[in-house]
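J.: Protein chains in written order, with our numbering: chain R, 1 to 953; chain W, 954 to 1407.
A virtual CB, placed ideally from N, CA and C, is assigned to each residue, including glycine.
1) Could you tell me the distance, in whole angstroms, from the CA atom of residue 540 of chain R to the CA atom of residue 415 of chain R?
2) Which ranges does the beta strand (DSSP E) cover as unbroken runs of at least 3 residues, wholly within the stretch 1295-1343 of chain W, from first to last along the chain?
3) Please confirm if residue 1266 of chain W has its CB atom under 9 Å from at least one CB of chain R.
4) Nearest to residue 1080 of chain W by alpha carbon, out of W/1297, W/1038, W/1379 and W/1356?
5) What does a CB cutoff of less than 7 Å around residue 277 of chain R pick up in its chain, not counting 5 residues either side in sequence?
6) Evaluate residue 207 of chain R with the Cβ neighbour count: other Cβ atoms within 10 Å of its Cβ, from every protein chain shown; 16 or more gives buried, anything less gives exposed.
7) State the CB to CB distance for the pair residue 1271 of chain W and residue 293 of chain R, rounded to an integer number of angstroms; the pair is presumed to be in contact (CB under 8 Å).
8) If we define contact as Cβ-Cβ less than 9 Å, is residue 941 of chain R a contact residue for chain W?
9) Helix, strand or coil for residue 265 of chain R per DSSP?
10) Step through the CB atoms of chain W and report whether any lies within less than 9 Å of the CB of residue 621 of chain R.
11) Starting from residue 551 of chain R, trace the beta strand (DSSP E) both ways and give me its first and last residue.
12) Please return the same chain residues whose Cβ sits closer than 8 Å to the Cβ of residue 657 of chain R, not counting the five positions on each side in sequence.
13) Please say whether residue 291 of chain R and residue 231 of chain R have beta carbons closer to each other than 9 Å?
14) Closer than 8 Å is the cut-off here; do at least three beta carbon pairs connect the stretch 367-383 of chain R with the stretch 60-71 of chain R?
15) Going by beta-carbon coordinates alone, are residue 1047 of chain W and residue 1262 of chain W separated by less than 9 Å?
16) Are residue 840 of chain R and residue 1207 of chain W closer than 9 Å when you measure CB to CB?
17) Among R/23, R/42 and R/144, which has the Cα closest to the Cα of residue 117 of chain R?
18) Is residue 842 of chain R close to chain W? Criterion is C-beta to C-beta, closer than 9 Å.
19) Does any residue of chain W bring its CB to less than 9 Å from the CB of residue 908 of chain R?
20) List the residues of chain W whose Cβ lies closer than 9 Å to the Cβ of residue 854 of chain R, in chain order.
21) Can you tell me where the beta strand (DSSP E) with residue 1359 of chain W in it begins and where it stops?
22) Could you list the residues in the stretch 1186-1205 of chain W with a C-beta less than 7 Å from some C-beta on chain R, going in chain order?
23) Whose Cβ in chain R lies nearer than 7 Å to the Cβ of residue 1208 of chain W?
24) Starting from the N-terminal side, write out each stretch of the alpha helix (DSSP H) that is 4 residues or longer and does not extend beyond the stretch 122-188 of chain R.
25) State the start and end residues of the unbroken beta strand (DSSP E) segment that holds residue 110 of chain R.
26) Alpha carbons only, please: which of W/1062, W/1110, W/1084 and W/1108 is nearest the one belonging to residue 1098 of chain W?
27) Say whether chain W places a C-beta atom closer than 9 Å to the C-beta of residue 686 of chain R.
28) In the DSSP assignment, find the beta strand (DSSP E) that holds residue 524 of chain R and state where it starts and stops.
29) Determine the chain R residues that contact residue 1034 of chain W at a beta-carbon separation under 7 Å, and present them in chain order.
30) Taking all protein chains shown into account, decide if residue 1268 of chain W is buried (16 or more other Cβ within 10 angstroms of its Cβ) or exposed.
31) Out of W/1376, W/1337, W/1378 and W/1395, which has the shortest C-alpha to C-alpha gap to residue 903 of chain W?
32) Under the rule that 16 or more other beta-carbon atoms within 10 Å means buried, what is residue 144 of chain R, buried or exposed?
33) Could you tell me if residue 491 of chain R is buried or exposed, where buried requires 16 or more neighbouring beta carbons within 10 angstroms of its beta carbon?
34) Does DSSP put residue 499 of chain R in a helix, a strand or coil?
35) For the alpha helix (DSSP H) containing residue 509 of chain R, list its first residue and its last residue.
36) Can you tell me where the beta strand (DSSP E) with residue 1009 of chain W in it begins and where it stops?
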């Protein structure tokens, strides 16, 4: 690196002290921000035939052909070593309004300091350096603390003091688990005086299943994971299994190169496992539309853009998506690079507009899948299904055994005919008929057989059975066939609508009395008009049978007769035949209710990918491009078409310096609140060069060696730099406002999900189960009222799901839960590498009044007063749970006053007390004094609302 | 104790000792760039895509051609939404137009109330946008781009010039209910994107809490809540003596502001005390969630210093039965919009308010059965208020109303004009995001529509 020592008095007075300038850190930001828009890499949009992004362009003669065809030559814009003879300098210092650069209308004036840097740079030779992020990574021979210390020394600074142990364990716990350290864990750490106490703590937290949940949130922001599709009707997409995959991958410390391959190309791996297919849902997480009237190709272009934007930011820290309409203005990405990158994904099976139901015609429900998808193996469901399947197999075997054993010969045929005792056989020629019958033994059912007829039979309006003039009652009626609206039940319920059937076949009506019949009875039938048909009245006492059974027996095919005979005459067959039906139904409903699906990637014949001029999807004039990585970064050496798998391998190969730098930079941000290169989204020319590039490369080298994320994290949190106190003097803050030199730690507000987790964990409400369906905490009623296609109502969970971690919360892209939104969680509509951090009244309103947190306070109070009798012990306990430390005297005194006044306040307000305690699903212990509990709930609300409670120091 | 008197006493509880909040709380220095003409913007979004041909763009030839095939030369190669692949036939305006006011502005009979304000209205007949489907078209109208994650215009405005209120959000959104409103609307439309959270649009609800979590928990009175907040502040202040962390002061101030919102928002949104005359003028019943109620609320928000107010009425997606459904939607909006204009005018506030009335796109001159499809290449917006010339049309469409014939106004030109009226040079309002100087008006050329400025 060429360093220029600036000793000029002018500059030193401007920058405060003399220091080296480097092209990347000092000159490039000026050129890129102020000049490149017109004089940068985008060759299609250059002003004055001048590009300044390379030495060759800036410092050599510019040859061009004029419109009239003449060859012309322009002087070099920069003459190295001679600013006063350089056109660039001349234009910068011009006092002619029409001449000065940058032009006034761009509103990008150069400061005095900027100008001086440019002048000095030209004076000392105008040397360019390749952009730092694109150079190959050099492994520094030093560790994190040595590299930090080197920088500190340059600025005459020292490491800050180490934070106290309570602060340290709380910080580490939030950073690795997204959860507070418990008072027990704190005590154990305070008492552990061994030299490796810190290392043990790190190992313990890294091994916690909560680690994966903590890490997943950052990754899910990048890949824009959500439970709904985002456009228009914002319907459900089924990708929860992908979220669980990410958590699992971090917990298992899956090497990042493998993690990359499985997500980008899990489907292309040989014999992919279910997990690998689920991982490929990565390619399907883009927003999708079901809006009628949306254009297929327009939306395919949107999806392609989104995938390039996400993949390039998440893996490369590059804003390649800026090159959709034109070559990149600041980095060497061309529009062709953009479309070539998009082409990697053009083999993904998808449609532009998902407005047709894949499974059934007609309407689309909120839950209809966005294909393709897989049905997941779920061992717990298999475990539930297996006994049902076993029972089914057993019953089916018994049924088959009897079936096979029975020979249906004439003896059997004869047996058939004798099963039913005929009590009456009469011709009906009037609309009313009375038949006397005599049952010899207890009869449970009476059957009426009507022979087939070539004319329509009038409906049977009424049927009754009487003994000595007294009517018998029935519990059931059944027929082999009924016309719609004419059910046999009407007969036993005396509904004149009556029963009617198709008599082109023989039909059977069966009625079941409440009590068995024996002796003499009269049967009365009343038809709408005289039918002119025969009726046979019979009964069978062996078992319960239906109209269909008897019909099969009388008129069925041989096989039906055989089955019926078995049914009527063989109790074991009958039992298991019934079971087969029941078990099949049970199996089906169990499957349908509980099987989860997951959108995945399926590769199909790639759609041709065209370069779209100016990003216009209706313009088909652009060339067709093949998948390729950005050309200035190299290429994939492969015969034939490169695949997503090739891309994944290239991203994590030694040829690409960006992935490891981008990942290292984001990891660092997780533990210091700021990237080593401050803009974690953009490592390009418009980002910020790292103050300590060697430190970034140290981490990138470590990552690249085996992509071991836990090891890299361990080296970061083991460092002295990490363990520093975040408390800093104003002097230091003034000298280094953004903490570029790392002479301190940074205080950080908890991210939305962990803020929720923290308050629930403090209150002993948090349920630590992992994975599964999205959970739905309380949400203001009517929040989804402006959603449609279809309309929907949010149903908050009414069980323990209510208290799960924030990472599992249902993510509705168009209406993010107000709590998550208030605390800056992104809507996950597009890739986000860094959340903004705000401090607003809406946050205060949420923490004060959200029923989730009022209920948490209630539970916190109840668990506390159940544990301790003594007021001070209660206060100490609550304060320690909330902040990780014990209150000082002033705080304790304030807390005592608060508790006293709250106790006095609620002492005569039983109604208010019970109202406060009614918030949330959890009911309070009725044995506790409700007024006291309400008072302590107020105290708990204060604890949960403290700035310290939601801040990592 | 009523809310107002309570509000006065909270100051005495010692909360005001926290960091004072500057009402003119812009988040970036340097704005306005020049003298603003207006103080606030009220955007009345006729979501779904109000038909210009039934409202403000009279096309006699189209009426004559009703039922005849649309000349193919006009439509060939153009983007269509639901009419993709259909036979394209002319569909004349369904309602009569009359000239109104001294200016003789042509307005459809379905807007008799608005017509009375004809000489105040500037009708831009030459609006055009980039997106033909609702969701992305709204995103373009609010943020200037289809990319999600960008700030909406209300956020940009609050970012640059701040709000004028201490106890309300600077950007408030109201979505009306009832009257057959089918189109979904995403909260993305009022997102602050990459701008600070403070600038986000806050939706006020007609049912439940007007602002989420603005009411104390059950069993907690406002006085009790205020004492709680006071105690939180005490402990936080003590923490500040141990930690050199200015975020603590901000936190204390935000809790104070939250308490103010807890008093001011319910008071503001309580329309039960409105006079009968006012309710009649707007045509609403308290708490009905209607567009009319929201117009009344918009006036109150404007009075209380809210910088950017957005109303969505989602009843305009007339793919079919436009003859039956359009008058209904007009009825739900016409009187109330007119009342809002009158009300602001009577209070001397119209002169420093910009009102924008229009949809995310317009509708086709071609029939879709008995209705019209989405149309992005020409539609109409009405603007009025401070700094705007009244009684004029700007821009023209061709005789079919299909394409713009003169003075096209892209959505970003509208953005540039809104910013201009607020004293903001749209070139200068930019924030670096993903390596780019992002602007509301984007990278394409945008122009202030000078011809409509008074």
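T.: The structure says:
1) Distance between residue 540 of chain R and residue 415 of chain R, taken at the CA atoms: about 13 Å.
2) 1306-1311, 1315-1321, 1324-1328 and 1332-1338
3) So, not an interface residue.
4) Here the closest residue by C-alpha is W/1356.
5) 266, 267, 374 and 600
6) exposed
7) About 13 Å; that fails the 8 Å criterion.
8) yes
9) helix
10) no
11) Looking at the DSSP string, residue 551 of chain R is not in any beta strand (DSSP E); the run it does join, the alpha helix (DSSP H), is 547-555.
12) 133, 134, 135, 136, 137 and 700
13) yes
14) no
15) It is not a contact, given that the beta carbons lie outside the stated cut-off.
16) yes
17) Check the Cα spacing between residue 117 of chain R and each of R/23, R/42 and R/144: the tightest is with R/23.
18) yes
19) Judged by the 9 Å Cβ criterion, residue 908 of chain R is not in contact with chain W.
20) 1170, 1171 and 1173
21) 1357-1359
22) 1187, 1188, 1189, 1191, 1192, 1196, 1197, 1198, 1200, 1201, 1203 and 1204
23) 844
24) 144-154 and 165-177
25) No beta strand (DSSP E) contains residue 110 of chain R, which DSSP labels as neither H nor E.
26) W/1084
27) yes
28) First-last of the beta strand (DSSP E) with residue 524 of chain R: 517-527.
29) Those within 7 Å of residue 1034 of chain W in chain R are 293.
30) buried
31) Residue 903 of chain W is absent from the structure shown; chain W starts at 954 and stops at 1407.
32) buried
33) Flag for residue 491 of chain R reads buried.
34) strand
35) Looking at the DSSP string, residue 509 of chain R is not in any alpha helix (DSSP H); the run it does join, the beta strand (DSSP E), is 507-513.
36) Premise fails: residue 1009 of chain W is in no beta strand (DSSP E) and is neither H nor E.
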